[in-house]
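In UniProt numbering, the protein residues as written are 1 to 197.
Working notes for the structure below.
Here it is in structure tokens:
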């Protein structure tokens, strides 16, 4: 049962279990970040695995000194100790020197009237490295335009997070459990960027 305090933090995944330590770390520098700053979640404790048997390469990429497990999740803690997951590190779009979390853009897109479903993936770009590309399913009878979507997002995010390309589709490919099949969409993005050459 959810208690009163937890109701105030509904987008959170909750607080840490007892005997588990966690910190939010800049994934590039390894520097520990402050409350409300987004970075990679590192955890350690007696219930956390200690490594892969016979796979030193996997151990080196998964563990940091001191027994910290690098989860690959981009998260932050609020001032009350509640953990919020922003996205997966491997899902980030690398636009110039910035990292853009697709989940943030998808959340905004789903709040736009006329959008039934949405997914955002990286699209290769010669100058920027990658640009955010949105796949949009319109609600029936809606004729939402690419420019309306781009303007809606641009008014709510930093310039580097803006949607740069929109593709309208009849459905977003998903697993049986509802997880977006990003690889299929990334392949489409790669193909569309190559076809412009």
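For each residue, glycine too, the CB sits at the ideal point set by N, CA and C.
Values in this document were obtained by computation on a predicted structure and should not be read as measured data.
(request) Give the range of the alpha helix (DSSP H) segment to which residue 57 is assigned. (result) The sequence position of residue 57 within the chain shown is 57, counting from 1. Annotation for residue 57: the continuous alpha helix (DSSP H) segment containing it runs 56-62.
(message) Can you tell me where the beta strand (DSSP E) holding residue 40 begins and where it ends?
(response) Within the chain shown, numbered from 1, the residue matching residue 40 stands at position 40. Segment 39-44, the beta strand (DSSP E) holding residue 40.
(request) Sort out for me which residues DSSP pairs residue 69 with in a bridge. (result) Position 69 of the chain shown, counted from the first residue, corresponds to residue 69. Per DSSP, the beta-bridge partners of residue 69 are 43, 63.
(message) Looking at the secondary structure, which residues open and close the alpha helix (DSSP H) in which residue 149 lies?
(response) As a position in the chain shown, residue 149 is number 149, starting the count at 1. That run of the alpha helix (DSSP H) goes 146-154.
(request) Can you check DSSP and say which residues form a bridge with residue 86? (result) Position 86 of the chain shown, counted from the start, is the residue given in the question as residue 86. Per DSSP, none; premise fails for residue 86.
(message) Across the stretch 72-81 and the stretch 116-127, are there enough close Cβ pairs to call them in contact, namely three or more that are closer than 8 Å?
(response) Verdict: no, contact absent.
(request) Tell me the start and end of each unbroken alpha helix (DSSP H) in the stretch 88-118 that is at least 4 residues and wholly inside, in chain order. (result) Annotation: the stretch 88-118 contains the following complete segments of the alpha helix (DSSP H) (minimum length 4 residues), in chain order: 102-110.
(message) Can you tell me where the beta strand (DSSP E) holding residue 49 begins and where it ends?
(response) Start at 1 with the first residue of the chain shown, and residue 49 comes out as number 49. Here residue 49 belongs to no beta strand (DSSP E), and DSSP marks it neither H nor E.
(request) Go through its chain and collect everything with a Cβ distance to residue 91's Cβ below 6 Å, but skip five positions before and after it. (result) Numbered from 1 along the chain shown, position 91 holds the residue referred to as residue 91. Answer for residue 91: 102, listed in chain order.
(message) For residue 29, tell me which candidate among 22, 20, 39, 21 has the shortest Cα-Cα distance.
(response) Taking the first residue of the chain shown as position 1, residue 29 is located at position 29. That would be 39, whose Cα lies nearest to the Cα of residue 29.
(request) Starting from residue 21, follow the beta strand (DSSP E) in both directions and report where the run begins and ends. (result) Position 21 of the chain shown holds residue 21. From DSSP, the beta strand (DSSP E) with residue 21 extends over 21-25.
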